[in-house]
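Since the structure comes first, as structure tokens, the remarks are kept for the end.
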Amino acid sequence: MKVLLLGAGASKAFDGRQDGVRMPISRDFLETFEKLPISESQWVLCGKVLNYGRAFRGIPVTEFFKSNIDIEEFHSEVEGKMIAALAKCRREGCITPEAIELQGVYVQLVFLLAATINEIQKGGISA
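Under our numbering, the first residue of the sequence shown carries the number 468, and numbering increases by one thereafter.
See the structure below:
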């Protein structure tokens with residue numbers, strides 16, 4: 468019996484794209500996104516994510532995609548703040564600008580994650 472054990476970075480070996488961009492891992496996710504043509508698309512909205520990085524992490528908008536943020540940690544941070552803000556809204560019976568903004572950040576972040584992975588997987592069969 469043969470056993471193949473794949474770690475979390477196994478997809479990094481995918482080399483089916485003609486431009487050589489490989490599947491990201493947690494610390495190079497944003498840098499990888501910036502290398503893709505979709506990073507210049509007007510339909511890939513990420514302004515709320517950039518503003519969140521500036522406001523909560525002190526990262527200038529122009530440096531955000533080169534900041535080596537652990538995307539898993541970043542996602543959990545945004546999700547946690549959003550859940551807390553929405554729970555507060557339920558307790559108090561009103562919606563707050565903070566909850567609306569955090570929900571927008573979360574939605575844009577999830578779309579950015581999905582768009583990046585979707586774009587990279589478009590390619591030939593990996594050798």
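Every residue, glycine too, gets a C-beta built ideally from N, C-alpha and C.
Beta-carbon contacts of residue i that lie in its chain and below 6 angstroms, excluding the five residues immediately before and after
{"i": "Ile526", "result": "Gly520 and Ser534"}
{"i": "Phe496", "result": "Ile538"}
{"i": "Leu579", "result": "Cys513"}
Range covered by the alpha helix (DSSP H) that runs through residue i
{"i": "Met549", "result": "Ile538 to Glu559"}
{"i": "Arg489", "result": "It is not in any alpha helix (DSSP H) - Arg489 carries neither H nor E in the DSSP assignment."}
{"i": "Leu512", "result": "Looking at the DSSP string, Leu512 is not in any alpha helix (DSSP H), and its letter there is neither H nor E."}
Best match in the options for proximity to residue i [C-alpha to C-alpha]
{"i": "Gln570", "options": "Cys513, Phe496 and Ile587", "result": "Cys513"}
{"i": "Glu546", "options": "Gln575, Glu498 and Glu559", "result": "Gln575"}
Rounded C-alpha distance that separates residue i from residue j
{"i": "Asp537", "j": "Ser543", "result": "10 angstroms"}
{"i": "Thr583", "j": "Glu565", "result": "27 angstroms"}
Contact set for residue i: own chain, Cβ-Cβ below 7 angstroms, skip 5 residues either direction
{"i": "Ile562", "result": "Cys556"}
{"i": "Phe500", "result": "Ser506, Phe532, Leu579 and Thr583"}
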